[in-house]
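First the structure, in the form of structure tokens, and then the observations on it.
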Amino acid sequence: MPQATSAPPSTIPRQVWLLGFVSLFNDIASEMLYPVLPVFLTQILGAPVAVVGLIEGCAEGAAAVFKGIFGRLSDKLGKRKIFVVSGYASSAISKVIIALSSVWPLVFLGRFVDRFGKGLRTGARDAMLLDASTEHNRGLIFGLHRSMDSAGAVLGPLIAVFLLHAGHTIRLILWIAALPALGSMLLFFFVTESQTDPQPAVKVFRFSLRGFSQEFQWLLLALAIFSLGNSSDAFLILRAKNLGMSLSLVILAYVFYNVLYTLLSIPAGKVSDRLGAKGVMITGILIYALVYLGFAFEQNARWIWLLFGVYGCYIALTDGVSKALAAQFIRKEQSAAAYGVMPMITGLGTLFASLIGGMLWTFISPQATFFFAAACALFSVLFFAGLPSKATHE
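Take any residue in the sequence shown, count from 1 to its spot, add 167: that is its number in our numbering.
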């Protein structure tokens with residue numbers, strides 16, 4: 168069985184800090200290219216917005232499937248580290264593929280490889296975090312890891328803005344993004360792996376929720392409904408450009424959103440530990456709906472900064488908190504599988520959301536993309552409200 172940490176509830180184990188810094192460097196790399204990629208596709212490679220939705224939707228859908236498969240395989244083998252190392256290596260390779268792209272199908276390939284890497288590592292990495300946590304600091308630990316992710320999401324775009332103002336091209340930014348990705352791989356050699364018993368009964372390629380509690384399955388249903396409208400953030404970036412903002416200002420607004428959710432992730436985790444993850448999660452989704460309605464109704468760039476900032480509050484209140492909420496309804500020996508199935512469900516929802524969002528943008532209007540997302544979010548709140556407020560598994 169995984170070894171529970173002996174650290175006091177208020178302390179953060181060394182393992183958690185190391186995993187956080189690995190994610191920090193990887194996110195610096197990813198977020199250097201993410202806010203410029205929609206513009207690279209539409210303005211440099213000449214792809215329509217529907218193709219952006221296709222690429223982002225398929226990339227997230229692939230990640231979703233691989234998270235479910237490799238999360239279960241990690242539980243079956245009782246191994247964590249090999250999946251996480253391989254996943255970060257794939258993400259580093261993807262940066263090179265995208266930098267070499269001269270046509271949008273190569274960007275599609277690069278994004279697919281990147282999301283394959285995310286699928287490899289996510290379930291096993293979250294299981295390592297869970298192994299290092301206790302009931303009393305679980306929200307804090309997942310919130311800290313989320314904040315390290317988001318710190319990279321602040322630094323990466325700032326580096327991109329600096330390079331743009333220095334006169335460098337978007338393609339050079341894509342090349343430079345590979346460097347911190349390689350750094351994250353080097354840091355991971357200092358991460359240790361705790362002993363985890365193999366689970367030979369786990370069926371890796373068979374999708375079944377039979378082993379999970381009814382409460383966890385209800386949570387998955389709520390997440391699926393929400394995710395059906397939760398399209399790629401690329402649409403937020405394109406909407407800001409559509410309303411007349413320059414690329415540098417769009418990236419800075421994106422940084423502002425990342426700064427806020429970096430600052431709020433740990434407090435949100437603490438609040439979820441104290442008051443309950445369910446209420447925090449519902450609050451975050453209601454905020455999401457308001458933000459997307461704002462993007463739909465906005466007619467100029469005046470309120471874009473505020474909308475991006477409030478969007479950061481939504482991320483802080485839901486991302487790490489959703490994992491802490493799920494932990495109430497799962498057993499530790501199935502944690503990697505559960506943390507693989509969760510993004511599998513949400514990622515498949517995001518696949519359809521991005522495809523639908525791109526089609527709505529192209530054939531109806533940009534506003535239609537955001538109205539649809541807000542409606543799905545509001546509908547999902549009814550299902551989140553049906554969850555129990557207290558843990559059913561420990």
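For every residue, glycine included, the Cβ atom is placed at its ideal position computed from N, Cα and C.
Between which two residues does the alpha helix (DSSP H) containing T450 stretch? A444 to F464
Reduced DSSP secondary structure (H/G/I, E/B, other) of V358: coil
Where does H312 fall in DSSP's three states? helix
Straight-line CA distance for V458 to S394? 15 Å
Pick from F402, L522, S351 and P205 that is closest to I471, judged by C-alpha positions: F402
Three-state class that DSSP yields for T178 in the structure shown: coil
With distances taken from CA atoms, which of A333, T429 and F356 is nearest F309? T429
When the Cα atoms are used, what is the spatial distance from P215 to T209? 6 Å
Among residues of its own chain, excluding the 5 on either side of A456, which ones have a beta-carbon nearer than 6 Å to its beta-carbon? A541, A544 and L545
Cβ-Cβ separation, D486 to R282 (assumed contact under 8 Å), whole Å: R282 to D486, Cβ: 17 Å. No contact.
With DSSP run on the structure shown, which of helix, strand or coil describes V548? helix
Bounding residues of the alpha helix (DSSP H) (the contiguous stretch that carries T485): I471 to A494
What did DSSP end up calling L430 once you bin it into helix, strand or coil? helix
Reduced DSSP secondary structure (H/G/I, E/B, other) of N467: coil
Using three-state DSSP, classify K248 as helix, strand or coil. helix
Determine the closest residue to S317 out of A230, I236 and A483, with distance taken between C-alpha atoms. A483
Along the chain, where does the alpha helix (DSSP H) containing Q501 start, and where does it finish? Taken as a continuous stretch (DSSP letters only), Q501 belongs to no alpha helix (DSSP H), as it is neither H nor E.
Rounding to the nearest angstrom, what Cα-Cα distance links L515 and F329 in this structure? 35 Å
Quick check on F383: buried or exposed, where buried means 16 or more other Cβ atoms within 10 Å of its Cβ? buried
If you run the structure through DSSP and keep just helix, strand and coil, what is S261? helix
CA-CA distance, L518 and S398? 8 Å
For F475 and H332, what's the separation of their Cα atoms in angstroms? 22 Å
I'd like the list of long-range same chain contacts for R278, defined as Cβ closer than 6 Å, with 5 residues on each side in sequence excluded. I222 and A226
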